[in-house]
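So the structure is just underneath, and the comments pick up after that.
Number of protein chains: 2
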Amino acid sequence: MRIARFVVDSDPMYGVVDGNDVHVLAGDPFFQGIKTTGVTHQLDDVRLVAPIIPRSKVIGFGRTYREHAKELGNEVPNEPLMFLKPNTSVVGHGDPVTLPAFSEEVSFEGELAVVIGRICKDVPAEKAADVIFGYTVANDLTARDAQRKDPQWARAKGFDGACPLGPWIETQLTDPDDVGIVTRVNGEVRQDGSTNEMIWSVNDLVARASEAFTLLPGDVILTGTPAGVGLVAEGDNVEIEVEGIGTLRSVFRR
Amino acid sequence: MRIARFVVDSDPMYGVVDGNDVHVLAGDPFFQGIKTTGVTHQLDDVRLVAPIIPRSKVIGFGRTYREHAKELGNEVPNEPLMFLKPNTSVVGHGDPVTLPAFSEEVSFEGELAVVIGRICKDVPAEKAADVIFGYTVANDLTARDAQRKDPQWARAKGFDGACPLGPWIETQLTDPDDVGIVTRVNGEVRQDGSTNEMIWSVNDLVARASEAFTLLPGDVILTGTPAGVGLVAEGDNVEIEVEGIGTLRSVFRR
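Quick mapping for you: the protein sequence lines, in order, are chains A and B. Sequential numbering from 1 applies to the first sequence in the UniProt record's numbering. Sequential numbering from 1 applies to the second sequence in the UniProt record's numbering.
What follows is the structure, encoded as structure tokens:
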């Protein structure tokens, strides 16, 4: 099932996307379950917004793909590298991202994202599926110049707009450890990988995040990016397609 | 004025602390201003909780005191080091902190904390006072072993309980750049510094945080710790007193 968050007139609502239909839900599916109101809109008539603004945190993992670790000149690590992005960095599908004034080198990173459905701590990998609400597509935007300069990546990965998420949350993904990730910049393929190249499984990453922190419903875990990252420029149209979920589009401006 | 958040029976409320009186406020002073209900409790009869759980983020600054940078063997930096702690790390005055299973070396760091009152971005230092709701006391707990091991400090500084805040928010602090910070472990003085030893002013740090991110009402900025940090053990009672605000107490357990 595909759960979108969208605006028709004013306040955001949740809905189930079925082809071009969006069946409006009553309330917040993270806390009230899936209850349809009987109202349906056409997908073309609504404006999608970020499917979730975490009440707590976005947890990112880095260097989870061997080839990407190598392309940035890093060792393939024994442990996945974990970092935080604040909820003020989250934007939705189609939202413009203003490149931050402090950076001349913002890079795209196409990723599979996990959306947590339940409060949890110390979840073993084999139980991770129980705490996962669904999956979405993320662009883990990173200011490479700030990343080189700053010992901690708060600013490099946490600026406003640094975490496009969307277009919606897919609650059933047959095998999260075997989905294709393709990133296109202005229509040209730049990343073409699969989560089957990851060093750790998606469930392993959920387990590791939950060892570090209590996870809350709506928290998001970014699972890392395959090889092929590159810089974005003003005016670029970046599309990230994750197999079985959909395509997240972002446009960039100064 | 001292704004506390506390529990009498069930849901947390806000109140103004005046000596041993707590005058209950109607609603959330961050969004609804200071309106008293006419109900008053005695401070001894209420249980204080964290004066704010940020809806977005805790932004920490490190190496802002020359002597502390040196004691950890770091260069005195040209720029303050910025990091994030998630809101799941926040606990209140008197709350027990469970030392995380992944660390044998958790250190206290007594700090002055700024609580943001308004949504803002790119605030110049000379206007920072306009966006500050008030000040509280923080213990920027840090797992030194994880900090050494992990390239990013998400886990080292972000574990559950890693950010005790309290006992309340003081909205008027005569000179935030000249307040004493004393940390006592089991009654013994371990840190005895002043914000007048900081390399940057408090307003400078607010300005820098707001260059990196949009700040939301209730976001918290930790201004760094003076020299004298050390490890905490199970059973320790750590008290951090910031002049003009009050004393934040934390007890530790495994």
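By construction, the Cβ of each residue, glycine as well, lies at the ideal position given by its N, Cα and C atoms. Note that the structure is predicted; figures quoted are calculated from it, not measured.
Asked, Found
"How is residue 101(A) classed by DSSP in three states: helix, strand or coil?", "coil"
"Starting from the C-beta of residue 228(A), find all residues in its chain whose C-beta is less than 6 angstroms away, skip the five residues before and the five after it, and write them out in chain order.", "190, 191"
"Can you tell me whether residue 119(A) is buried or exposed, with buried defined as 16 or more other CB within 10 angstroms of its CB?", "exposed"
"Grab me the residues of residue 207(B)'s own chain with a C-beta within less than 7 angstroms of its C-beta, minus the 5 sequence neighbours each way, in chain order.", "123, 124, 125, 128"
"For chain A, check one thing: does any of its Cβ atoms lie closer than 8 angstroms to the Cβ of residue 96(B)?", "no"
"Short check: CB of residue 69(B) to CB of residue 154(A), under 8 angstroms?", "no"
"Closer than 9 angstroms between beta carbons: that is the criterion. Which residues of the stretch 211 to 232 of chain B meet it against chain A?", "211, 212, 213, 214, 215, 216, 219"
"Taking the alpha-carbon of residue 131(A) as reference, which of 246(A), 202(A), 97(A) has the nearest alpha-carbon?", "202(A)"
"In chain order, what residues of the same chain have a beta carbon less than 6 angstroms from the beta carbon of residue 40(A), not counting five sequence neighbours either side?", "21, 23"
"Residues of the stretch 187 to 202 of chain B with a CB closer than 7 angstroms to any CB of chain A: list them in chain order, please.", "none"
"Under 8 angstroms, do residue 252(A) and residue 152(B) count as touching if we go by C-beta distance?", "no"
"Is the beta carbon of residue 238(B) closer than 8 angstroms to that of residue 108(B)?", "yes"
"Under 8 angstroms between C-beta atoms, does residue 168(B) make it to chain A?", "no"
"Provide the residue(s) that pair with residue 53(B) in DSSP beta bridges, ordered along the chain.", "Partner(s): none; residue 53(B) has no beta bridge."
"Would you mind telling me which residues of chain B sit closer than 7 angstroms to residue 87(A), beta carbon to beta carbon, in chain order?", "56"
"In this structure, does DSSP put residue 202(A) in helix, strand or coil?", "helix"
"So which of 145(B), 100(B), 42(B), 168(B) has the shortest CA-CA distance to residue 133(B)?", "168(B)"
"Counting only beta-carbon separations shorter than 8 angstroms, does residue 158(A) have a partner in chain B?", "yes"
"By DSSP's criteria, residue 23(B) is part of a beta bridge. Which residues make up the other side?", "16(B), 40(B)"
"Whole-angstrom Cβ separation of residue 180(B) and residue 198(B), contact assumed at under 8 angstroms?", "About 13 angstroms separates the two Cβ atoms, so there is no contact after all."
"Is DSSP giving residue 152(B) helix, strand or coil here?", "coil"
"As a quick exercise: from 160(A), 172(A), 235(A), pick the residue whose alpha carbon is nearest that of residue 91(A).", "160(A)"
"What first and last residue would you give for the beta strand (DSSP E) that runs through residue 138(B)?", "132 to 139"
"Please name the residue in 186(A), 177(A), 183(A), 210(A) whose C-alpha comes closest to that of residue 195(A).", "177(A)"
"Suppose you measure from the CA of residue 96(A) to the CA of residue 248(A); what does that come to, to the nearest Å?", "12 angstroms"
"When you compare the CB positions of residue 43(A) and residue 16(A), do they come within less than 8 angstroms of one another, or not?", "no"
"Using a Cβ-Cβ distance under 8 angstroms, would residue 6(A) count as near chain B?", "no"
"Check this for me: beta carbons of residue 241(B) and residue 185(B), under 8 angstroms apart or not?", "no"
"Spell out whether any CB of chain B is found under 8 angstroms from the CB atom of residue 84(A).", "yes"
"How far does the beta strand (DSSP E) with residue 5(B) in it extend, from its first residue to its last?", "2 to 7"
"Which value, in whole angstroms, describes the spacing of the CA atoms of residue 50(B) and residue 250(B)?", "12 angstroms"
"Determine the extent of the beta strand (DSSP E) in which residue 164(A) is found, giving its start and end residues.", "163 to 170"
"Assign residue 146(B) to buried or exposed, taking buried as 16 or more other Cβ atoms, counted over all protein chains shown, within 10 Å of its Cβ.", "buried"
"Going residue by residue through the stretch 192 to 236 of chain B, where are the continuous alpha helix (DSSP H) segments of at least 4 residues, counting only ones entirely within it?", "202 to 212"
"Specify the secondary structure class of residue 70(B) as computed by DSSP and reduced to three states.", "helix"
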